[in-house]
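A short worksheet on the structure shown next.
Chains as they are written, first to last, in my numbering: chain Y, 379 to 1130; chain L, 65 to 508.
This is the structure we're talking about:
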């Protein structure tokens, strides 16, 4: 019989402590949350599981009630996530409000009588006209398990925007000054809502929830007196094992009561026998397994999280510098690590003993054949250059007799996507550390690589990827010319490939083919001899390829935000403060026109005769060189629910694609309206383009790249599958040049 | 799994088992739905018309206190298109004086059965657990280990203390019921109402304006729990059935966990929710990834039901009137471990047909042995899962415990075929090792 929890024990393991619990440990957060809510602040407590959030809510509710604050607690899990429609969800939320605050209305009737209003506006009316009218005095609405909204099939931005609006309305309607919210969950503000302008989290107060400190943990002492008359030292030992983690601390106190068979049995002994040994079967109620599952549950993240954790564990101080990257945030939410000053550390010695290096090795071994997604599964970058060494891409004749460069191209493509994924992840992680020019350089190279990849010019694409990677890897700016070395290595390879098989000579003239035509903040001009960048103060700078500054251009309209270079002439265009300027490369401003809203992107079409401008509102304006006339009507206007952030113009100019923050793409065949919608992955696009033939739309997100056939608009497989499927025969061939790492390169990527 | 009941010459008294009672409830509910009168239960008169049994007899059957004869139950079941299965009823002890006329044990033992062997401290833990306001117990053990018997006894004790009880096996919901959450939760509410003898009030308490979890919670809060004077012990048997429906599992278990938390809010509705005591009975590890704080599987009290110890097997052998009970128990332990069902089966046959332990050991692998039907059933179940067969084959052929993918290990463990020792698995008894070494050699 396993029963870790004895009925008689004063300690409670798992689940929130009832308000009467004698072993509740009040922390600094208790005081902070209570005071903040008492003063009408909006608060949120976002932390790992089993850190005592719900217990904190129960206790705070009690205290607030004693201070005549009306409290209502809404646990979003009681509404459900899987099979609930938006209306049911909002109505259920409203229903919980009605019952929590015992409002007088008959909700079903009330709700249906307002059928012409949106759900969120009904909720808003309920709060303003009913709750705030019927309940006098201060009100706090607690929303627990707020991360359960992430499981819903619809967006909840409106919901959070509504919460924000309750705050905004305080200045106009004083009644709202009585209302505040506290949200609790295992999440981060940015996962719940991305739009900074309407998020409630930047006006709310974040309450940090740490482990129990010794001085706070005094309520745990009296229970321990059953085994030791002076239990202070015992409690101290317990806390040093658990790091004050609430669940583990309650559990260890309880275990000590049960198993302190001799008065001097060391706590270590109990920890080892009842917590660490065979932890997977002793972990009841589940806690360690929760952490394990949280680390492993998403196959696309697992490898990355585990290696990040490994890095932390093997570092000399056992810590990692905090960089706020998504992976670090995810590691924090798992509960395994916590933040101490500017570093991440393992939370306590128990975790360290359970999730030790052996465990890591075991996991990494199991993750050897992981399911698809690219970014976290790509091989470590350090081994990549090895693969592109010329002799390694010479292929055995029997595999593919004629098309060597072609296959080399595929290999390049696989690498490209690999680095692409990794590069973006790393980009976020290191954006603070990479100075702006280099960051822009990385971005420009990556976009050039995508562009070239679209043209199936894998080798120059690979060149760009490698350079982007070199730059991203903390190399000082004066080594940027390293690209020259890579370039010559490539040229050498290309020559060899050409010599080996003169019939299928790759069309590779590095200088021209490397010209990126795609919008970014660092671009080469039409000749490929000049590099244009936007500096930190919003000026465009022209450098030669060996970094000599030739010219600085400043727009009278304001700091320059976007830049695009003419594909054929020495011209470029910029946007600043809702204005588009067109420039000659010597710094002379040719035209300038104002637009009605902020500008997201600028793009010249393939021959440079048209300049397209995407506004945040989804409107696209086009400036036509042949007609030298300022446009005043948008050619299309995407009125979607999400702000637009990317767009692309097809080579034949009659088609447009606009991408939004939810990763959806709207495809316009210009005379035809409305657009065709290609549904994305709920992740903002990072790039969007047409291929050269104009029969595919190419899109990239941080986790996947897609080529959408325009005719069918069916959602395609990510490129990695496509590439790996074609690469596999080569990787499985007997070629001795292939290292075992190479052979694993496509492991786990499913076929199309 | 169970053998066909042997023809019995005189079998005066049998009682509906919990399982039979539930099957009947579900069938009655279905009939009500078909006739479109789902908000009212059947009256005794209607039932009498349907079954051809007198209202008096029906009252006895449904009261489940006074024994009735088998024909009566069969008639009742037939009226609802059900066959009466051995697990649907339990003998009243009056008939099986010597155990000789008892049906081979399978499924739940009758509440008063003297063949129930206590396995302290699980019984008292369960009782303590349901005595806590808002208590939650999880009973976990492989199939046919006595979970349902333990649950039934716990419920009996709860009733003795004046608590209302409902036992509901989730295996009874058909796949159509599991097709969507609303359907499932309405079924859940309807069957529980019926079990409590309360009219079905879904019409007035369920508003499709709201989500299904919300409505279900509302139904308990404003109707069922409110209606009951004292606490309600709700035992959910075979909750594993829900694991196969992840779309439903997340929200259903999330809701149960939220109910558990509601008892701890310390607000007005908490007192109401403290009346609910939940028992969840399952045989598998919870391998559906559930959001942890939104799952009832990491709160409350876990009771893992162990196999029988040697002493317990010996006690049981004595109950069956077997002489030399100690040595018989030792031999039996070697063969079938402490697996309760197999122990019962062996002892029953030794008692009923004068088989000796030697006979039993010698014939265990024969096609006609007392275990053959059980073994064939296990094999048949296993054949649906080639990956489990492969894993089991490795395990039976290895002298030492082997590594296995956790999910396979869990599934084999839940079938009682293996024991998990430090993340490795080994066959749970010699009988399985012998049988599967032989059969899987030919099959895999």
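From the three backbone atoms N, C-alpha and C, an ideal C-beta is built for every residue, glycine too.
Shortest Cα-Cα distance from residue 86 of chain L to any of L:375, L:402, L:260 and L:243 involves L:260. Counting only runs that start and end inside the segment 671-752 of chain Y, the alpha helix (DSSP H) elements of at least 4 residues fall at 677-692, 704-712, 727-732 and 735-744.
When rounded, the separation of the alpha-carbon atoms in residue 412 of chain L and residue 313 of chain L is 39 Å. Our two residues, residue 683 of chain Y and residue 245 of chain L, have alpha carbons roughly 34 Å apart in a direct line. A residue is called buried once 16 or more other Cβ atoms fall within 10 Å of its Cβ, and residue 526 of chain Y is buried on that count.
Counting only the Cα atoms, residue 515 of chain Y lies some 47 Å from residue 301 of chain L. Taking a cut-off of 8 Å for Cβ pairs, the segment 289-298 of chain L and the segment 336-346 of chain L touch, as three or more such pairs fall below it. Leaving aside the five residues that flank residue 112 of chain L on each side, the residues in its chain whose CB is nearer than 7 Å to its CB run, in chain order, 118, 119 and 122.
In this chain, the alpha helix (DSSP H) harbouring residue 422 of chain L covers 421-427.
Listed by position along chain L, the residues whose Cβ is nearer than 8 Å to that of residue 451 of chain Y are 329 and 331. Annotated three-state conformation of residue 425 of chain Y is coil, per DSSP. At a cut-off of 8 Å between beta carbons, residue 182 of chain L makes no contact with chain Y. Within the segment 649-662 of chain Y, those residues whose Cβ lies closer than 8 Å to any Cβ of chain L are, in chain order, 656, 658, 659 and 662. Against chain Y, the CB of residue 287 of chain L has no partner CB under 8 Å away; the residue lies outside that interface. Per the Cβ contact rule, the segment 444-452 of chain Y is not in contact with the segment 638-649 of chain Y (fewer than 3 Cβ pairs under 8 Å). Neighbours of residue 281 of chain L across chain Y, judged by C-beta separation under 7 Å: 456.
In this structure, DSSP gives residue 441 of chain L a helical state, which the three-state scheme calls helix.
Contact residues of the segment 216-227 of chain L toward chain Y are absent (C-beta to C-beta distance below 8 Å). When only Cα atoms are considered, residue 670 of chain Y and residue 597 of chain Y end up about 30 Å apart. Taking 8 Å as the cut-off, the beta carbon of residue 345 of chain L is found closer than this to the beta carbon of residue 303 of chain L.
Inter-segment contact for the segment 461-481 of chain Y and the segment 546-556 of chain Y is absent: fewer than three beta-carbon pairs are separated by less than 8 Å. Between residue 280 of chain L and the set Y:971, Y:455, Y:620 and Y:574, the nearest pair of CA atoms involves Y:455. The CB of residue 436 of chain Y comes closer than 7 Å to the CB of 328, 329 and 330 in chain L, given here in chain order.
In chain Y, no part has a C-beta under 9 Å from the C-beta of residue 284 of chain L; the shortest such distance is about 11 Å. When secondary structure is reduced to three states using DSSP, residue 344 of chain L falls in the strand class.
Note that the C-beta distance between residue 600 of chain Y and residue 387 of chain Y is not below 8 Å. Of the residues L:234, L:214 and L:204, the one whose Cα lies closest to the Cα of residue 184 of chain L is L:214. The beta carbon of residue 961 of chain Y does not come within 8 Å of any beta carbon belonging to chain L, so the residue lies off that interface.
Following the DSSP letters along the chain, one finds residue 410 of chain L inside the alpha helix (DSSP H) bounded by residues 404-417. Contact between the segment 390-406 of chain L and the segment 226-241 of chain L is absent, with fewer than three C-beta pairs closer than 8 Å. Look at residue 237 of chain L here: in three-state DSSP terms it is coil, with no helix or strand label.
With respect to chain L, the C-beta atom of residue 516 of chain Y has no partner C-beta closer than 8 Å.
Close CB contacts of residue 605 of chain Y within its chain, under the 8 Å cut and outside five residues either way in sequence, are with 612, 634, 635, 638 and 641 (chain order). Look at the beta carbons and you see the segment 387-406 of chain Y not touching the segment 553-569 of chain Y: under three pairs across the two are nearer than 8 Å. Taking the Cα positions, residue 309 of chain L is about 25 Å away from residue 661 of chain Y. Between residue 318 of chain L and residue 582 of chain Y, the alpha-carbon positions lie close to 27 Å from each other.
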